[in-house]
Amino acid sequence: MENYLMISGIQHYAFCKRQWALIHIENQWAENALTVQGLLMHEKAHSDTTEIKDGKIIARGLHIASHKLKVTGICDVVEFHQDENGISLFNYKGSYTPIPVEYKKGRPKEHNADRLQLCSQAICLEEMLLTEIPKGYLFYGEPHRRTEVIFSSALRSEVNATFEEMRALYKRGHVPKVKKTPKCTACSLKDTCLPDLDNRPSASSYLKHELFR
Ligand code: SF4
62 MENYLMISGI QHYAFCKRQW ALIHIENQWA ENALTVQGLL MHEKAHSDTT EIKDGKIIAR
122 GLHIASHKLK VTGICDVVEF HQDENGISLF NYKGSYTPIP VEYKKGRPKE HNADRLQLCS
182 QAICLEEMLL TEIPKGYLFY GEPHRRTEVI FSSALRSEVN ATFEEMRALY KRGHVPKVKK
242 TPKCTACSLK DTCLPDLDNR PSASSYLKHE LFR
């Protein structure tokens, strides 16, 4: 889907607009311990299977899109809870309401990045399945439990406004300037974005210096 934005980008954008632009406009990416932990959690969640547990249908690695928002992505997990006001699903008896669940490393954060990503997934599922989704869950590695997220009209408006801003930057190919904040220390792109934060020599230059002096 040409020119569709990645849903996962909204969490990068909410964390730091420059980080999002470096990844999604300039295609730069760097692993650090935090991103590797996150990838491992997502690999487990994205194993692309469906099972029935405690009366719920659990779908992993579901591909989603919204043509209204022009965004696309993958849900870690979508649980289909039995609900007499829900929707019918092909091959399953009864009716169900979809509930997205997103897995995150670390602790719940003060900023809205994870809630925006989850709400974007719900908006896609609503458009695809012609239903309404009132809430979802964020599962954090610490303290290893779920946090409920209500998809309020304020959160939905923030999703729309944020994707509009992102699309405008994307069209212009604009990468915002560096703004150093305490968040930079934990940023996976800090060495690319702010090389002066880490002035240690690289392993290769250290070896060259030691071997050929
Ligand atoms: S190092 Fe700081 S300014 Fe640069 S992308 Fe990361 S958070 Fe943003």
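Positions in the sequence shown are counted from 1; adding 61 to them yields this note's numbering. Ideal placement from N, C-alpha and C gives every residue a C-beta, glycine not left out.
Annotation for residue 239 indicates a beta carbon within 6 Å of some heavy atom of the ligand SF4.
Of the other Cβ atoms in all chains shown, 16 or more fall within 10 Å of the Cβ of residue 132; this residue is therefore buried.
Taking the Cβ of residue 166 as the reference point, every heavy atom of the ligand SF4 lies at 6 Å or farther away. In the DSSP assignment, residue 252 falls within the unbroken alpha helix (DSSP H) covering 251 to 254. Residue range 117 to 127 is occupied by the beta strand (DSSP E) that includes residue 117. Counting along the chain, no beta strand (DSSP E) covers residue 214; the unbroken alpha helix (DSSP H) around it starts and ends at 214 to 233.
When only Cα atoms are considered, residue 167 and residue 201 end up about 6 Å apart. Taking C-alpha positions only, residue 138 is separated from residue 190 by approximately 16 Å. By the Cβ-count criterion, residue 141 is buried, with 16 or more other Cβ atoms from all chains shown falling within 10 Å of its own Cβ. For residue 141, the beta-bridge partners assigned by DSSP are 118 and 159. Residue 80 has its Cβ nearer than 6 Å to a heavy atom of the ligand SF4.
Within the chosen limit of 6 Å, the ligand SF4 reaches the beta carbon of residue 255 through at least one heavy atom.
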